[in-house]
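> From first to last, the protein sequence lines are chains A and B.
Note that this note's numbering has the first sequence beginning at 1, numbered continuously upward.
Note that this note's numbering has the second sequence beginning at 316, numbered continuously upward.
I am attaching a structure below and will ask some questions about it afterwards.
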Amino acid sequence: MKSHINARNVIVALVALGLTLLPAYSALTGNIFILTLFTRIVIFALAAASLNLIMGYGGMMSFGHAAYLGIGGYAVGILAHEGIGSGFIQWPVALALSALYALVIGALSLRTRGVYFIMITLAFAQMAYYIASGLSRYGGDDGLTIYKRSTFGGLIDLSNRVQFYYLCLACLFGGVYLIWRIINSRFGMVVQGVRSNEQRMQAIGFHANRYRLVCFVISGTICGLAGALLANNTDFISPAGMYWTRSGELMVMVVFGGMGSLFGPVLGTIVFLLLEEVLSQFTEYWALIMGPLLLLIVLFARGGIMGLLGRLSRG
Amino acid sequence: MLVLVEQSLNGLQFGLLLFLLAAGLTLVFGIMDFVNLAHGSLYMMGAYFAATFVAWTNSFVLGVLLALGATLLLGIALEFIALRHLYGRDHLDQVLATFGLILFFNDAVRLIWGPAGLSLPLPPWLTVPVQIVPGVFYPAYRLSIIVVALAVAALLYIVVMRTKIGMLIRAGASNREMIGALGINIKLLFTLVFGLGAALAGLAGLMQAPILTVQIGMGENILILAFVIIVIGGIGSIRGAFMAAIFVGMIDTLGRAFLPDLLRTVLSSAAASTAAPALSSMLIYLLMAIVLVVRPEGLFPAAKR
C-alpha cells in the first residue's frame, strides 16, 4: 500500500492546522492584522476552490468567476440596504441568485468549447459588471457600503473577528469537503470522464453537457457563498470587485496552487495573496515582480505548487 | 439628423480604431493559436511612447513615427524573450502568462511615467473642423483617424492577400506544420507577424491618445472589446474582424449617444443617465453572446483547418 505520509500531505495537514490555530496566535501576539489578512485569504481560497472544480476537474476554463463574487456580495449588500439584515434570508438569496445565473449562462456557454468558452464566460461576467455599475439606487460605479453585517439571530456574531474568521474557515473546509465528495462520486467521475474524452462519454450514453452544466452551477453557487462572505468582510461592495481582472486573479490562484488537485487552490491563494502582501510592503511596485514571476511559473513550474510538492514526495 | 451623421462618423472612427487593435490580435491568434492578453498593454505603450516622443521632438509626425517604431521593437522583443516559449501550450497557460505581463506593464508604466495620466496635444493643423458636406463640420483629427485606419486596413488587405509574405501568413493560419515542413522559417514569420500586430496596437493607442487621456489601464477595457470583435468576426479572419469592429464601434457609439434619450422616455432622468452607459456597454457583450450561441464559430469563420 502507498504511504500517505509524504511531503505533499504533510504540508497540506500543516496548513490546515495553521489556519485553524491562527486566531490563537493572533490573540497571543496581539497581531490583529494577520487575522484580517487571513480572513480575506480564506474567503478567496473558497472562491478559487470552486473555480478549480470546473477548471481542474471539469475542463471548463471559466474566465468570469468574479461575477459570482459580485452577485453573492450584491445580494447581501442590497438586502441590507433595503433593511433586511438577517443572514437566514440574505445568504440563501445570494446562493440562489448565483445558482440561477450559473444555470442561465452555463446553458448558453456550454454550447461552445475551448477559447470560445473562455471568451463567452468573460462576456457574461462583463455584462454582470455593467449591470452592477448601472444600479444607480445602489451606488452605481461608486459601490455600496454595508453598514451592518448579516445577523444570524444571536447564533453567531459576524462583527466579532474570531467568530467571523471561523465561519469563513468552516465554509472553506466545508466547500473543499463537498468538492472532494463530488469528484469521488459517480457524478464527479462522469464529469472527469467528459473532460478527458467527451465523445466516448457521449457514446456510452451520458449526456455530457447536462453533467457539465450541473458541475458549473455547483461551482458558481459555492463561489456565490464566497461573495457573500467577502461582502461581509469588506463591509462594502462595488462593481470593481467583479471586473475581469478579478476573474484573472482567481485563475492565477488556481494555477499557482495546481489545477485539478483538491488543496492546490487553497495553497495557491495563500501564496498569491501573501506574496502580494509581502511584495507591496517591500515596494509600491509589487506587480513589477509578480508579473514576471507568474510568467516564470507558467513556463517552468507546470502543475503549480502541488505539482512541485508531488515531484518532491516522489523524490 | 446632423447629430446622427456626426455620431455615425464617430462610430465609424471608433470601429476602425478597434479594427487596428483586433487585426493584430486575430493574426496572432489565427496563425500562432496564441491568446495574447498583453495586446492591450502594447496599445497603452504606443500611447505613452507617442506622448513622450512628441514632447521630445516637438513634432507630432516625427514623434508618432518614433512611437510606432518603438512599439514594433517592443513587440518583437517581447515575442523573442517570452512569448515564443508559449506557442503550442494550453490557452490557459497563455492567458495566465500574458495576464502576468499586464501586471508588469502597468506597474512599469507607473514607475517610469508616474501614476498621473499624460496628454498628447494635437498640432494646430489637426484641430480645425473640416466641412465634409455643406453645413456639416467634423473635427479634422477624427477624420484623419478614419483616413489613416482605412489606409492601413487596405494596406493590410493587400499585404495579406496579394504578397508572398501574406501568402505565407495565410498558409500558416491554415496549416502551421505543413508550411514549416516546406522549409519556411516559421519562427521568423511568427516574430514578424507579432511585431506587425504590436505596431498596429501601438498605432491604435497613439491615435486614441489625443481624444482620451493616456493612462494606466487604458488597454484593459479596450482589449476585451477587441477580443469580443475577433470572436464575433471569427478567429483568424481579417475580414470578419473588420466587419465586426465597425459593427461594435457603431453600436457602442450610437448606444452611448442615443440610449440616454430613449431611456428618458421610460425612466426618470437620473436613473436613465446612470443606466444608459451601462446598458450600451452591455449591448456589445449581449451581441457577442447571441453570436456565440447561434454561430459558435463567429460570423465570418476563417477557412476550416
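Quick reminder that beta carbons are idealized off the backbone N, C-alpha and C, glycines included.
Could you give the first and the last residue of the continuous alpha helix (DSSP H) run that contains A/Pro292?
Start and end: Ala287 to Phe300.
> Work out the CA separation of A/Met55 and A/Leu308 for me, nearest whole Å.
Approximately 19 Å, taken between the alpha carbons.
> Starting from the C-beta of A/Gly303, find all residues in its chain whose C-beta is less than 6 Å away, skip the five residues before and the five after it, and write them out in chain order.
The answer, listed in chain order, is Gly258.
> For B/Leu597, count neighbouring C-beta atoms within 10 Å of its own C-beta (all shown protein chains included) and say buried if the count is 16 or more, exposed if not.
Checking the displayed sequence, the identity of residue 597 of chain B turns out to be Met instead of Leu. B/Met597 should be labelled buried.
> Quick one: list the residues of chain B neighbouring A/Thr112, beta-carbon separation under 7 Å, in chain order.
Correct list: Leu607 and Pro611.
> Report yes or no: do the segment 485-498 of chain B and the segment 336-347 of chain B share at least 3 C-beta pairs separated by less than 8 Å?
These segments touch.
> Closer than 7 Å between beta carbons: that is the criterion. Which residues of the segment 585-609 of chain B meet it against chain A?
Residues Ala585, Ala586, Thr589, Ala590, Ala593, Leu594, Ser596, Met597, Tyr600, Leu601, Met603, Ala604, Leu607 and Val608.
> With DSSP as the reference, label A/Gln192 as helix, strand or coil.
In this structure, A/Gln192 counts as helix in the three-state DSSP scheme.
> Checking contacts by CB at 7 Å: is A/Ile318 closer than that to chain B?
Because chain A is modelled from 1 through 315, residue 318 of chain A falls outside the range shown and cannot be assessed.
> Candidates B/Ile531, B/Leu458, B/Leu441 and B/Thr442: which alpha carbon is nearest B/Val448's?
Ranking B/Ile531, B/Leu458, B/Leu441 and B/Thr442 by Cα distance to B/Val448 puts B/Leu458 first.
> Spell out the partners DSSP gives A/Val42 in its beta bridges.
None, per the DSSP bridge assignment.
> Check each candidate in A/Gly18, A/Gly310 and A/Gln199 and name the one with the smallest Cα separation from A/Gly260.
Comparing Cα positions, the closest option is A/Gly310.
> What three-state label does DSSP hand A/Met1 in the structure shown?
Residue placement at A/Met1 is poorly supported in this model, since its pLDDT is 46, which falls under 50; the coordinates are not used for a value here.
> Exposed or buried, which one is A/Pro239 when buried takes at least 16 other CB atoms within 10 Å?
Buried, by the Cβ-count rule.
> Look at the alpha carbon of B/Lys619 and the alpha carbon of B/Phe395, and state the distance between them as a whole number of angstroms.
Its pLDDT being 45, under 50, B/Lys619 is placed unreliably in this model, and the coordinates cannot settle the point.
> Could you check how far apart the C-beta atoms of A/Ser109 and A/Phe124 are, in whole angstroms? I think they sit under 8 Å.
Their Cβ separation, rounded to whole angstroms, is 7 Å, which keeps A/Ser109 and A/Phe124 in contact under 8 Å.
> To the nearest angstrom, report how far apart B/Ala464 and B/Glu612 are at their CA atoms.
Cα to Cα, the separation comes out at about 26 Å.
> Is A/Gln90 near the ligand NAP, with its Cβ less than 6 Å from a heavy atom?
The ligand NAP is not among the ligands present in this structure, which contains no ligands whatsoever.
> Determine the contact status of A/Ala67 and A/Ala128, defining contact as a CB-CB distance below 7 Å.
Their beta carbons are under 7 Å apart, which means A/Ala67 touches A/Ala128 by this criterion.
> Any idea what DSSP makes of B/Ser583, helix, strand or coil?
In the structure shown, B/Ser583 sits in coil (DSSP, three-state: anything other than H, G, I, E or B).
> Terminal residues of the continuous beta strand (DSSP E) containing B/Gln446?
Segment Pro444 to Val448, the beta strand (DSSP E) holding B/Gln446.
> So, is the C-beta of A/Met1 closer than 7 Å to a C-beta in chain B?
The pLDDT assigned to A/Met1 is 46, lower than 50, so where the model puts this residue is not dependable, and the model offers no usable value.
> Along chain B, in chain order, which residues have C-beta atoms closer than 9 Å to that of A/Phe124?
Result: Tyr600 and Ala604.
> Nearest-angstrom Cα distance between A/Ile289 and A/Leu299?
Taking the straight line joining both Cα atoms gives about 16 Å.
> Which partner residues of A/Asp157 appear in the DSSP bridge assignment?
A/Asp157 is bridged to A/Thr151.
> By the criterion of Cβ-Cβ separation under 7 Å, what are the contact partners of A/Val298 in chain B?
Within chain B, the residues near A/Val298 are Asp408, Leu411 and Ala412.
> Could you tell me whether the Cβ of B/Ala397 comes closer than 7 Å to any Cβ of chain A?
Yes, B/Ala397 counts as interfacial toward chain A.
> Would you verify that the beta carbon of A/Pro292 is, or is not, closer than 7 Å to some beta carbon of chain B?
Output row for A/Pro292: interface = yes.
> Just confirm the distance between the C-beta atoms of A/Gly134 and B/Ala593, as a whole number of angstroms; I'd bet it's less than 8 Å.
Yes, they are in contact, since the Cβ atoms of A/Gly134 and B/Ala593 sit about 3 Å apart, within 8 Å.
> By how many angstroms is the C-alpha of A/Phe38 removed from the C-alpha of A/Asn31?
So the two alpha carbons sit approximately 12 Å from each other.
> Assign B/Val454 to one of three DSSP states: helix, strand, or coil.
Position check: residue 454 of chain B holds Pro in this sequence, whereas Val was assumed. B/Pro454 falls in the strand class under three-state DSSP.
> Report all residues from its chain with a CB closer than 8 Å to the CB of A/Met1; omit the five preceding and five following residues, and keep chain order.
With a pLDDT of 46 at A/Met1, under the threshold of 50, the modelled position of this residue cannot be trusted, and the question is left open.
> Would you decide whether B/Phe368 is buried or exposed? Buried here means 16 or more other CB atoms lie within 10 Å of its CB.
Flag for B/Phe368 reads buried.
> If contact means a Cβ-Cβ distance below 8 Å, which residues of the segment 415-432 of chain B contact chain A?
Listed in sequence order: Gly415, Leu416, Ile417, Leu418, Phe419, Phe420, Asn421, Asp422, Ala423, Arg425 and Leu426.
> According to DSSP, simplified to helix, strand and coil, what is B/Lys619?
Bear in mind that a pLDDT of 45 at B/Lys619, under 50, signals an unreliable position, so the model cannot answer this.
> Tell me whether the segment 325-332 of chain B and the segment 359-366 of chain B touch, counting them as touching only if at least three CB pairs, one residue from each stretch, are closer than 8 Å.
Short answer: they don't touch.
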